[in-house]
Amino acid sequence: MSDGNGADVNKNGERLVPVQIMGRLYEVPETLTIMKAVEYAGHRYVRGCGCRGGICGACGTFYRLPGDYQLLSGLACQTVVQPGMMIMQLPYVPANRPDYDLDALNGDGAAVSPTSLHESVRRLFPEVYRCVGCATCTKTCPMGIDVMDYVALIGRGELAKAAEVSFSCVMCGLCAIRCPAQISQHTAAMYVRRLAGRYLTPRAGHLQERVAQVRAGKYDAQLAQLKAMGRDELKSLYAGREREPDMSEPGEWKPKDTVWL
Ligand code: SF4
Ligand code: SF4
Ligand code: FES
3 MSDGNGADVN
13 KNGERLVPVQ
23 IMGRLYEVPE
33 TLTIMKAVEY
43 AGHRYVRGCG
53 CRGGICGACG
63 TFYRLPGDYQ
73 LLSGLACQTV
83 VQPGMMIMQL
93 PYVPANRPDY
103 DLDALNGDGA
113 AVSPTSLHES
123 VRRLFPEVYR
133 CVGCATCTKT
143 CPMGIDVMDY
153 VALIGRGELA
163 KAAEVSFSCV
173 MCGLCAIRCP
183 AQISQHTAAM
193 YVRRLAGRYL
203 TPRAGHLQER
213 VAQVRAGKYD
223 AQLAQLKAMG
233 RDELKSLYAG
243 REREPDMSEP
253 GEWKPKDTVW
263 L
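Numbering (the working numbering), first residue to last: 3 to 263.
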């Protein structure tokens, strides 16, 4: 069916564009994301779909556009289709995921030093030193992260900085798929962020206090009470809860009932 201007539309009046999904041609509404277009075309996700909000990294996708030599990349749940797009979504990216135990790094009682942390990265991810500086990973990253930079920082042992630069990584693995040096940048960076959280970042006093309260059972009775409630009772408790005003500054607001603080 076509609209008054000769454009193809569906029964809801939405303009359609042609796309190829894994080599097969479909017409899909022009406003859809790749993920919704795949579903519109009749496929059902059993892999390669998680949060639908650009957070989980499950929907890494490569595509080409007509007349453009470049292999482009994006997250299927965030990238809107374009006419003639040729789409290939990855259901899974195999990566180097070595086993490690963060607590065992100083299991012998020895103090963990920046050198020993760097040494552990070298042992677990030696391939990081094979980077040839091609920047393909940086050009591929759908989160706009300078992946080559954090790989170089890991190589130099600047782990806190590498953790910061890689912080927005959603673990889609698209960088690793394209790396000519076969580095799993994202899993190496995940390890480095864990090291940074465990050994390089100052502990938040209020969080330690709360964890101790949880471990001491302060909330056990309240949790048992909540678990015994039915769905409707829980809904009404949630809807009627006291809320922090949207614009309050830290420390400005406290709930009336402070018994659980
Ligand atoms: S794609 Fe691989 S080799 Fe190229 S800069 Fe990134 S990590 Fe280095
Ligand atoms: S760094 Fe790699 S795994 Fe992380 S978001 Fe970018 S492309 Fe995806
Ligand atoms: S489904 Fe989670 S990032 Fe796309």
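Idealized CB from N, CA, C, for every residue including glycine.
{"query": "Identified DSSP bridge partners for Ile89", "result": "Ile23 and Tyr65"}
{"query": "Within 8 Å, strictly: CB atoms of Arg200 and Leu104", "result": "yes"}
{"query": "Cβ-heavy atom distance, Val213 to ligand 1, below 7 Å", "result": "no"}
{"query": "Entirely enclosed alpha helix (DSSP H) segments - the region 176–215, minimum 4 residues", "result": "176–180 and 187–197"}
{"query": "Same chain only: Cβ atoms within 7 Å of Gly135, ignoring 5 sequence neighbours per side", "result": "Met150"}
{"query": "beta-carbon Thr189 near ligand 1 non-hydrogen atom, thresh 7 Å", "result": "no"}
{"query": "Ser4 in three-state terms, based on DSSP", "result": "strand"}
{"query": "Cβ contact (3+ pairs, closer than 8 Å) linking the region 174–182 and the region 126–146", "result": "yes"}
{"query": "CA-to-CA distance, Asp259 to Lys28, given in whole angstroms", "result": "Here residue 28 turns out to be Tyr, not Lys, going by the sequence shown. Rounded to the nearest angstrom, the two C-alpha atoms are 57 Å apart."}
{"query": "Buried versus exposed, by CB contacts within 10 Å (16 or more), Gly146", "result": "exposed"}
{"query": "Under 8 Å between C-beta atoms of Met24 and Met90", "result": "yes"}
{"query": "Rounded separation between Val194 and Ala106 - CA only", "result": "15 Å"}
{"query": "Leu60 beta carbon near ligand 3 (any heavy atom closer than 7 Å)", "result": "Checking the displayed sequence, the identity of residue 60 turns out to be Ala instead of Leu. It does: the Cβ of Ala60 is within 7 Å (strictly closer) of some heavy atom of ligand 3."}
{"query": "Leu202: CB within 7 Å of a non-hydrogen atom of ligand 2", "result": "no"}
{"query": "Under 8 Å between C-beta atoms of Thr63 and Leu92", "result": "yes"}
{"query": "Three-state secondary structure (DSSP) of Tyr28", "result": "strand"}
{"query": "Given Ala183 as reference, the closest of Gly15, Met37, Asn98 and Arg243 once Cα atoms are compared", "result": "Asn98"}
{"query": "Limits of the unbroken beta strand (DSSP E) element including Gly76", "result": "Leu74 to Leu77"}
{"query": "Closer than 7 Å: Arg54 CB and nearest ligand 3 heavy atom", "result": "yes"}
{"query": "Whole-Å CB distance - Tyr131 paired with Gly159, under 8 Å assumed", "result": "With a Cβ gap of about 12 Å, Tyr131 and Gly159 do not count as contacting."}
{"query": "Contact with chain D by Val123, beta-carbon distance below 8 Å", "result": "In the structure shown, chain D does not exist; there is a single protein chain."}
{"query": "Coarse secondary structure for Val82, derived from DSSP in three states", "result": "strand"}
{"query": "Nearest neighbour of Thr138, chosen from Pro128, Val153 and Val11 [CA to CA]", "result": "Val153"}
{"query": "Under 8 Å between C-beta atoms of Ile36 and Val83", "result": "yes"}
{"query": "Straight-line Cα distance separating Pro20 from Asp10", "result": "10 Å"}
{"query": "heavy atom of ligand 2 below 7 Å from Cys174 C-beta", "result": "yes"}
{"query": "DSSP-derived helix/strand/coil call for Asp222", "result": "helix"}
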